[in-house]
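Asks: Here you go, one structure.
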Amino acid sequence: MKTLSATHPRRRAGGFTLIELMVAMGITAIIVGVLVTITGVATDTWTRSRSEIRASRQAKAMIETMAKDFESLVSRRGNNFEWLHSEIVSDGNFPKVSERQGGASAAAKVTFLTAATDRYLGQVGDSQFDKGGDISCVSYSLKYRDPIEGGTGGKNSTFVLYRSLVNPDKTFTDLLGQEDLDQAFSGYESAVDDQENFICENVHQFTLTYLVEVTKEASGGGTTQEVVRVTLGSSSPSGEFSITGNGLDTNLTSTGVSLDEIKAGRLTGVEISISVISDAGLARMGSTGNGLNEKDYARQVYHYSRIVEVPGM
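Counted from 1, the sequence shown has number 149 at position 149 by UniProt numbering; the numbering is strictly sequential.
Below you can see the structure in the form of structure tokens.
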């Protein structure tokens, strides 16, 4: 009698089925996608933070230097001399930063007399450098050029803010007691963009707002004092503001006061406002040739301001 051996089901060969592989690949793709997204966000955040820190450092260097000069502003009453001259200067070399920007770019330029602490290369009291005097002339101007090699058409051209300081000995000879300070300073204009006058780069907008205390007639009789803001910026393309020995001289107005009231007023402070564009923003601006769109401008441009009190005049 034959005995039939029991049959056993065939074992499945080792490995994964096609469905299992597809599921695994799908999960892997999702994980990789999430990691790429997280990495992109982290990189973008790091880049933006780095740009913001650099912009903040640039702004701090400029504003602190200018604030010290304004805090030591020198002016005297009872003469026909000009002690501060500021105006808007249009520069055809400035590229278009924003798509919404129309016409030629412009920036504030200011020249004034001050008791600068870094006169004579900071060697005050050293007979080798110090030639006497304590009143210097300083001028701030914004240009678009290569900060190293000079010129305006190079690939490394950028917005550069320059500070030109004339020592007291030459200030006394050439610039002190001038009825037209801007004209007198023109003899030093060619040296403004020398490398030693470089303060910071990527500052594409430079605005000064003068805080002027004016006297107005009160409705019930008598007079009242009010501080008004007189802004010298790109919105006032032909604007000028000066301090002379006879008071203020300007063609700028402010809401609620007349031009004569401003001219008869007293300068109490200055608000320094700047806009700094990141390196990435400059690169994108150059690639488009038509300025940054509204979204990119908001992401790549940083704004800073500071109010400085000036000595009474």
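All C-beta atoms, glycine included, are put in the ideal place defined by N, C-alpha and C. Please read all numbers here as calculations on a predicted model, not as lab measurements.
Determine the direct distance from the alpha carbon of Cys137 to that of Asp169, and round the result to whole angstroms.
Replies: On the sequence shown, position 169 is the one that residue 169 refers to. On the sequence shown, position 137 is the one that residue 137 refers to. Those two C-alpha atoms are separated by around 10 angstroms.
Asks: Using a threshold of 9 angstroms, state whether the C-beta atoms of Thr224 and Thr215 are closer than that.
Replies: For the purposes of this step, residue 224 is identified with residue 224 of the sequence shown, where counting begins at 1. For the purposes of this step, residue 215 is identified with residue 215 of the sequence shown, where counting begins at 1. A contact, by the Cβ cut-off of 9 angstroms.
Asks: State yes or no: is the C-beta of Val74 within less than 9 angstroms of the C-beta of Phe112?
Replies: Within the sequence shown, the letter at position 74 stands for residue 74. Within the sequence shown, the letter at position 112 stands for residue 112. Their beta carbons are under 9 angstroms apart, which means Val74 touches Phe112 by this criterion.
Asks: Whose C-alpha, out of Tyr120, Gly269, Gly78 and Ser141, is nearest the C-alpha of Ala107?
Replies: Residue numbering aside, residue 107 sits at position 107 when the sequence shown is read from its first letter. Among Tyr120, Gly269, Gly78 and Ser141, the Cα nearest to that of Ala107 is on Ser141.
Asks: For Asp182, does the count of other Cβ atoms within 10 angstroms reach 16, so buried, or fall short, so exposed?
Replies: To locate residue 182, count along the sequence shown from 1; it is residue 182. By the neighbour-count criterion, in which a residue is buried when 16 or more other Cβ atoms sit within 10 angstroms of its Cβ, Asp182 is buried.
Asks: Could you tell me which uninterrupted alpha helix (DSSP H) segments, each at least 4 residues in length, are contained entirely in the region 82-119, listed from first to last along the chain?
Replies: With a minimum length of 4 residues, no continuous alpha helix (DSSP H) run stays inside the region 82-119.
Asks: Counting only C-beta atoms, is Arg76 closer than 9 angstroms to chain B at any point?
Replies: In the displayed structure, chain B is absent; only one protein chain is listed.
Asks: With DSSP collapsed to three states, give me the class of Ser56.
Replies: Stepping through the sequence shown from its first residue, residue 56 is reached at position 56. Ser56 falls in the helix class under three-state DSSP.
Asks: Give the straight-line distance between the Cα atoms of Leu176 and Val228, rounded to the nearest whole angstrom.
Replies: Within the sequence shown, residue 176 is the residue found at index 176, counting from 1. Within the sequence shown, residue 228 is the residue found at index 228, counting from 1. When rounded, the distance between both Cα atoms is 29 angstroms.
Asks: For the alpha helix (DSSP H) containing Phe159, name the first residue and the last one.
Replies: The residue given as residue 159 occupies position 159 in the sequence shown. Unbroken run through Phe159 is the beta strand (DSSP E), Thr158 to Val166; no alpha helix (DSSP H).
Asks: Apart from the five residues just before and just after Val32, which ones in its own chain have a Cβ nearer than 6 angstroms to its Cβ?
Replies: Position 32 of the sequence shown, counted from the start, is the residue given in the question as residue 32. So the list is empty, once near-sequence residues are dropped.
Asks: Is the region 247-263 in contact with the region 191-206, if contact means three or more CB pairs nearer than 8 angstroms?
Replies: no
Asks: Terminal residues of the continuous alpha helix (DSSP H) containing Tyr140?
Replies: In the sequence shown, the residue the question calls residue 140 occupies position 140. First-last for Tyr140: Ser136 to Arg145, but that is the beta strand (DSSP E), not the alpha helix (DSSP H).
Asks: Tell me the start and end of each unbroken alpha helix (DSSP H) in the region 211-266 that is at least 4 residues and wholly inside, in chain order.
Replies: Within the region 211-266, the complete alpha helix (DSSP H) runs of at least 4 residues are 259-263.
Asks: Rounding to the nearest angstrom, what Cα-Cα distance links Val89 and Asn251 in this structure?
Replies: Residue mapping note: residue 89 aligns to position 89 of the sequence shown, counting from 1. Residue mapping note: residue 251 aligns to position 251 of the sequence shown, counting from 1. Val89 and Asn251 have their C-alpha atoms spaced approximately 15 angstroms apart.
Asks: Tell me whether Thr194 is buried or exposed, calling it buried when 16 or more other Cβ atoms sit within 10 Å of its Cβ.
Replies: Within the sequence shown, the letter at position 194 stands for residue 194. Checking the sequence, you will find Asp at residue 194 rather than Thr. Asp194 comes out exposed.
Asks: Would you please state the rounded distance, in angstroms, between the beta carbons of Ser242 and Glu82? I believe it to be under 8 angstroms.
Replies: In the sequence shown, counting from the first residue as 1, residue 242 sits at position 242. In the sequence shown, counting from the first residue as 1, residue 82 sits at position 82. With a Cβ gap of about 6 angstroms, Ser242 and Glu82 count as contacting.
Asks: Which same chain residues, not among the five before or five after Tyr162, have their C-beta less than 6 angstroms away from its C-beta?
Replies: Position 162 of the sequence shown, counted from the first residue, corresponds to residue 162. Cβ neighbours of Tyr162 beyond the five flanking positions: Ser141, Val192, Asp193 and Asn197.
Asks: Let's see if you can read the secondary structure: which residues bound the alpha helix (DSSP H) around residue 328?
Replies: As displayed, the chain neither begins before 1 nor continues past 313, which places residue 328 out of reach and without an answer.
Asks: Using only the alpha-carbon positions, how far apart do residue 314 and Val34 sit?
Replies: Nothing can be reported for residue 314, as the shown portion of the chain is limited to 1 through 313.
Asks: I need the boundaries of the alpha helix (DSSP H) containing Phe185, first residue and last residue.
Replies: The residue labelled residue 185 in the question sits at position 185 within the sequence shown. Here the alpha helix (DSSP H) through Phe185 covers Leu181 to Phe185.
Asks: In the DSSP assignment, the beta strand (DSSP E) including Glu201 goes from what residue to what residue?
Replies: As a first step, residue 201 is located in the sequence shown; it is residue number 201 there, counting from the start. Where Glu201 is concerned, the enclosing beta strand (DSSP E) stretches over Phe198 to Glu201.
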